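As they're listed, the protein sequences go chains A and B. Per the working numbering, residue 2 is the first one in the first sequence, and the count goes up by one each step. Per the working numbering, residue 2 is the first one in the second sequence, and the count goes up by one each step.
2 protein chains.
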Amino acid sequence: MSLHGLSLVAGSPGRPGGVTFRAVNPATAQPLEPVFHEASLAEAGHALDAAATAFADYRARPAADRARLLDTIAAEIEGLGDALLQRAHAETGLPLARLTGERGRTCGQLRLFAQLVRDGSWVDARIDPALPDRQPLPRPDLRRMLIPLGPVVVFGSSNFPLAFSVAGGDTASAFAAGCPVVVKAHRAHPGTSELVAGAITRAVTACGLPAGLFSLIHGGGASIGIALVKHPTTTAVGFTGSHAAGRALFDAAASRPQPIPVFAEMSSINPVFLLPGAVRERGAALAQGLLASFTLGVGQFCTKPGLVFALRGPDTDTFVAKLAELVRAAPSGTMLTHGIREAFLEHRARITAVPGVEALAQGGGTADIARTELPPSVATTPARNFLRHPALATEAFGPFALVLLADSADEFQACAAALEGQLTATLHGTAADLAGARALLATLEQKAGRIVINGFPTGVEVCPAMNHGGPYPATTDVRFTSVGTAAIQRFVRPVCYQSLPDDLLPPALQNANPLGLLRLVNGAPTREPL
Amino acid sequence: MSLHGLSLVAGSPGRPGGVTFRAVNPATAQPLEPVFHEASLAEAGHALDAAATAFADYRARPAADRARLLDTIAAEIEGLGDALLQRAHAETGLPLARLTGERGRTCGQLRLFAQLVRDGSWVDARIDPALPDRQPLPRPDLRRMLIPLGPVVVFGSSNFPLAFSVAGGDTASAFAAGCPVVVKAHRAHPGTSELVAGAITRAVTACGLPAGLFSLIHGGGASIGIALVKHPTTTAVGFTGSHAAGRALFDAAASRPQPIPVFAEMSSINPVFLLPGAVRERGAALAQGLLASFTLGVGQFCTKPGLVFALRGPDTDTFVAKLAELVRAAPSGTMLTHGIREAFLEHRARITAVPGVEALAQGGGTADIARTELPPSVATTPARNFLRHPALATEAFGPFALVLLADSADEFQACAAALEGQLTATLHGTAADLAGARALLATLEQKAGRIVINGFPTGVEVCPAMNHGGPYPATTDVRFTSVGTAAIQRFVRPVCYQSLPDDLLPPALQNANPLGLLRLVNGAPTREPL
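Dropping the structure here:
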């Protein structure tokens, strides 16, 4: 499948001529064909102007049109066949099996949003009919629903080249909400991005929708990203990446003349608390599960468990010894990019340099820098160190976990209270352990967006009940999820119609309830017409 | 009823000793007893620390406890009797009849939130049960609901001393959500604030809740407000007031190490479009309705219609003449404060100084500055001026409206497209007018949070379908309403529990559905147990 290496601005290829770059195969350190061309600021602006124009059309379309677009994108992505997986494999070093699964998740997610949009009740329609005879004043007819915000800028992530990138959860939920999307492609996988952008563009055309509904922008450095966020027609931003980059986008958005929301999913160390009964009963299985979780995707998951708290004692000693043994036997893996590898080593060094932190084990085998490889590793330290050294609470994005040994359950509680915001917090315990951990649970609930019991935080289900979010710095907006159907709520706003004639109302709010939605009428949920 | 003039910090009176001030009766320009004492920054911090402690208790309480608190506050406010109304009258100059209505609205609002909390389904419970046999991977049990954010800082407004102040909509919805509240009292009605704060404090005690659940802070200038917003335990802010003050709070919140949401309801000129059929059929009634709406509360409503667009022609000439006649016959009114009166005169002067703006009429009678009075007034200008002079799009908070005469429906459309964000936009038209105004309607929907047909924007119903919000600068967050039951959504966040044992789950998510909530199970709404 040939690649042109250009941005895609409202269905048309961008201009060559500016700065160029190539993707690099991390498993070989070799640059890949073709050359990619960074978009100009003018092209980025043109993409957003076209998105604003397309918005006026797209937002007025029936839900069926949005659903068809989402389904068609999924089919177009599947239509790319193995070429997509092979390019993604070359650009990221991720195994083909993983990428096959990620493609399934990406297409499944698009279809889930199509289903949500067809069902339609997500618009939270509310009707309070007129009370003309009410005293002292009549009540007018009031009807409210959620409508799309406008053009959304999405920043592709490094670690999910499909599921959190060009046609990932942000794009799917924005299209579902009724918003056009401009994607800033991640520089590490521009070819994968171009292939998926082509699929979206073909779907937009096939569905008879305006070309401005979607653009893909190649670019490097912060300037084009900031320009996309600052563009006057941008109404919201989705981002997955580092704390520094996410915060820069947030600050840019907040300092606009008209501030806009930024949904940045940034930094999380995903603490795991091992309660004593669980360590006693299944310490070896915990060590195995933990290794699998913190080395999944070579540790490059936002939900990677980076902190493991356990109570000192012989059972924990056995668990730690088992973990060390497993880590020593574990192979190295290829990181996504050379830069991520370097950043990981720097962050890990900052953690292991803290007094009292001791290396516990490192994976066997050679870690070939020419293959961007890294071995898994674990270190250990007394839990009380956690309260003294903020460096221990920072993320090292890669295959590393820190085991913190506590002297008491009170120390667990103190460490939990000292945590920053997290995507997840995990407890392993027997029924008796958990019954005694209510206070710990209550503290963790204030720190994390998802509480995991007797499982591991990696693996984020795409479903209505998922919450992939959390207090800052896990995200910039604790009130929203970036995974699951509730992600659509990021890109909408309510509007209220007072005394609008029935035929001018959107179908969702018409008396006859032609869409068959579940609506709140006089405060009570019903599918009945008025 | 005697007033102590002190802040109320977690149930205890603040310290005297700092800067002092008095309320002023705007109708007499006389200062009122007693002297009020500004809180120190330490007291403000203490209030928020106490709120954080109270939060740990309050958030764990059953919904019935929150509902009882809200009902008890309403009863305590009613128990203050006429003393409350008289003090509010003395501090604001608002008529007793209006204040009686506003008290009813305030207590009704508290009880509406009590009802919402008792009903409970607002927590948006979602359950996706485990699928242990799913291929290729099992699905864990996932359950999600909305939980409270934490301590909320509320800034009382000048123009609604009861309904948007100490126990107003922000406080009611925050308490309903499960959040403690620290109110910064508005300096113009500190006595009213103290009385209502006393009612809340008694309710907190009567319900056996921690005293830190509520504090009232007196203060002047920006510093204490910024300190409240910047305090590390503050998790959200509610504000009603000027654009400058709201933006300053927003900027302070966004620049925190951990940014927090600010729900500032700020500035709106609430455009009204008069379509030709309506002007022809009921021009005189429109003039009457408009006068009543833009002079309600002496024009000091955030939904005051400040811009009136009409098409040139003989019917409009008649309408304009009628409006001028009515305005000339209308009495002056006492403004809330001398400062608001001065600011109004300055803003109106900026508007009327625009070339092409002509004074049309001013109310008769004398406007006594010693009574803080202002006459109603209207001016007129060609609508095309609106596209040239940004000053015409600014709010003059007081009894003034600008009539803009358009040459064509296209000019309507161009002016609508040039509007900034608004709380409301209004259309008056016959059925035929409205059928031809779909494009205008679509544009206004992008500019305003509420569309009003053949009515006036003042009068904001408190109900599930209300949206009192809108694009910036109407508010700092277009995604939320500050009036109606959906206002609770500002102060909550989702949390997901993965594989939590049933007895450790919150009742809202337990298998048996003990609260009888409407929940989304496998994506479908149901009240059935699992």
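C-beta: ideal position from N, C-alpha, C; glycine also. Please read all numbers here as calculations on a predicted model, not as lab measurements.
The ligand SAM heavy atoms versus the CB of residue i: any closer than 8 Å?
{"i": "valine 154 of chain B", "result": "With respect to the ligand SAM, the structure offers nothing, as it holds no ligand at all."}
At the level of alpha carbons, what is the spacing between residue i and residue j?
{"i": "phenylalanine 215 of chain A", "j": "threonine 202 of chain A", "result": "7 Å"}
{"i": "glycine 221 of chain A", "j": "leucine 42 of chain A", "result": "12 Å"}
{"i": "threonine 241 of chain A", "j": "histidine 390 of chain B", "result": "41 Å"}
{"i": "methionine 267 of chain A", "j": "isoleucine 341 of chain A", "result": "14 Å"}
{"i": "leucine 81 of chain B", "j": "alanine 24 of chain B", "result": "20 Å"}
{"i": "phenylalanine 264 of chain A", "j": "glycine 105 of chain A", "result": "24 Å"}
{"i": "histidine 1 of chain B", "j": "serine 158 of chain B", "result": "The displayed coordinates of chain B run from 2 to 531. Any statement about residue 1 of chain B would go beyond what the structure contains."}
{"i": "alanine 131 of chain A", "j": "leucine 138 of chain A", "result": "11 Å"}
{"i": "arginine 88 of chain B", "j": "glutamate 374 of chain B", "result": "19 Å"}
{"i": "methionine 336 of chain B", "j": "leucine 71 of chain B", "result": "31 Å"}
{"i": "glutamine 110 of chain B", "j": "leucine 86 of chain B", "result": "18 Å"}
{"i": "phenylalanine 387 of chain A", "j": "valine 479 of chain B", "result": "40 Å"}
{"i": "glutamate 77 of chain A", "j": "alanine 11 of chain A", "result": "18 Å"}
{"i": "threonine 296 of chain A", "j": "alanine 525 of chain B", "result": "36 Å"}
{"i": "arginine 529 of chain A", "j": "glutamate 529 of chain B", "result": "Checking the displayed sequence, the identity of residue 529 of chain A turns out to be glutamate instead of arginine. If I take the Cα positions, the gap works out to 20 Å."}
{"i": "glycine 456 of chain B", "j": "histidine 429 of chain B", "result": "7 Å"}
{"i": "threonine 482 of chain B", "j": "glycine 179 of chain A", "result": "21 Å"}
{"i": "serine 256 of chain B", "j": "aspartate 369 of chain B", "result": "44 Å"}
{"i": "leucine 292 of chain A", "j": "lysine 305 of chain A", "result": "10 Å"}
{"i": "proline 162 of chain B", "j": "glycine 209 of chain B", "result": "27 Å"}
{"i": "alanine 325 of chain B", "j": "leucine 361 of chain B", "result": "6 Å"}
{"i": "histidine 90 of chain B", "j": "serine 166 of chain B", "result": "15 Å"}
{"i": "valine 121 of chain A", "j": "alanine 198 of chain B", "result": "Checking the sequence, you will find glycine at residue 121 of chain A rather than valine. Using only the alpha carbons, I get a separation of about 43 Å."}
{"i": "alanine 30 of chain B", "j": "valine 184 of chain B", "result": "26 Å"}
{"i": "valine 154 of chain A", "j": "lysine 231 of chain A", "result": "10 Å"}
Check the C-beta distance from residue i over to residue j and give it rounded, since I have them as a contact under 8 Å.
{"i": "glycine 94 of chain B", "j": "proline 27 of chain B", "result": "4 Å"}
{"i": "phenylalanine 310 of chain A", "j": "proline 191 of chain A", "result": "The Cβ separation is near 40 Å, so there is no contact."}
{"i": "threonine 382 of chain B", "j": "leucine 346 of chain B", "result": "The pair is not a contact, with the Cβ atoms about 19 Å apart (cut-off 8 Å)."}
{"i": "glycine 298 of chain A", "j": "asparagine 160 of chain A", "result": "6 Å"}
{"i": "leucine 276 of chain B", "j": "aspartate 434 of chain B", "result": "4 Å"}
{"i": "glycine 517 of chain B", "j": "proline 474 of chain B", "result": "In fact, because the Cβ distance is near 42 Å, the residues do not count as touching under 8 Å."}
{"i": "threonine 234 of chain A", "j": "alanine 53 of chain A", "result": "4 Å"}
{"i": "alanine 223 of chain A", "j": "alanine 249 of chain A", "result": "6 Å"}
{"i": "tyrosine 498 of chain A", "j": "isoleucine 270 of chain B", "result": "Contact doesn't hold; Cβ gap of about 20 Å is too wide."}
Going by other Cβ atoms of all chains shown within 10 Å of its Cβ, with 16 needed for buried, is residue i buried or exposed?
{"i": "isoleucine 74 of chain A", "result": "buried"}
{"i": "glutamate 343 of chain A", "result": "exposed"}
{"i": "alanine 245 of chain B", "result": "exposed"}
{"i": "glycine 450 of chain A", "result": "buried"}
{"i": "glutamate 359 of chain B", "result": "exposed"}
{"i": "threonine 367 of chain A", "result": "exposed"}
{"i": "alanine 438 of chain B", "result": "buried"}
{"i": "proline 376 of chain B", "result": "buried"}
{"i": "aspartate 411 of chain A", "result": "exposed"}
{"i": "aspartate 142 of chain A", "result": "buried"}
{"i": "valine 20 of chain B", "result": "exposed"}
{"i": "leucine 1 of chain B", "result": "Any property of residue 1 of chain B remains undetermined from this structure, which presents chain B solely from 2 to 531."}
{"i": "glycine 69 of chain B", "result": "Just to set this straight, residue 69 of chain B is arginine in the shown sequence, not glycine. Counting Cβ neighbours within 10 Å, arginine 69 of chain B comes out buried, since at least 16 surround it."}
{"i": "alanine 417 of chain B", "result": "buried"}
{"i": "aspartate 171 of chain A", "result": "buried"}
{"i": "serine 3 of chain A", "result": "exposed"}
Could you name the residues of the segment 377-391 of chain A whose beta carbon sits closer than 8 Å to any beta carbon of chain B, in the order they occur along the chain? none
Report the residues of the segment 258-270 of chain B with a CB closer than 9 Å to any CB of chain A, ordered along the chain. Per Cβ criterion, the list reads Pro258, Gln259, Pro260, Ile261, Pro262.
So, does the segment 452-468 of chain B touch the segment 123-138 of chain A, judging by three or more C-beta pairs under 8 Å? yes
Using 8 Å as the Cβ pair cut-off and three pairs as the minimum, do the segment 11-22 of chain A and the segment 140-154 of chain A touch? no
Positions along the segment 499-527 of chain B whose CB lies within less than 7 Å of some CB in chain A: Cβ contacts with chain A: Gln499, Ser500, Leu501, Pro502, Leu505, Leu519, Leu521, Gly524, Pro526.
Any chance the segment 347-354 of chain A sits against the segment 392-404 of chain A, with 3 or more Cβ pairs inside 8 Å? yes
Can you give me, in chain order, the residues of the segment 51-68 of chain B that have a beta carbon less than 8 Å from any beta carbon in chain A? Ala57, Ala61
What residues in the segment 455-469 of chain B have a beta carbon less than 9 Å from any beta carbon of chain A? Asn455, Gly456, Pro458, Gly460, Glu462, Cys464, Pro465, Ala466, Met467, Asn468, His469
Can you give me, in chain order, the residues of the segment 476-488 of chain A that have a beta carbon less than 9 Å from any beta carbon in chain B? Thr477, Asp478, Val479, Arg480, Phe481, Thr482, Gly485, Thr486, Ala487
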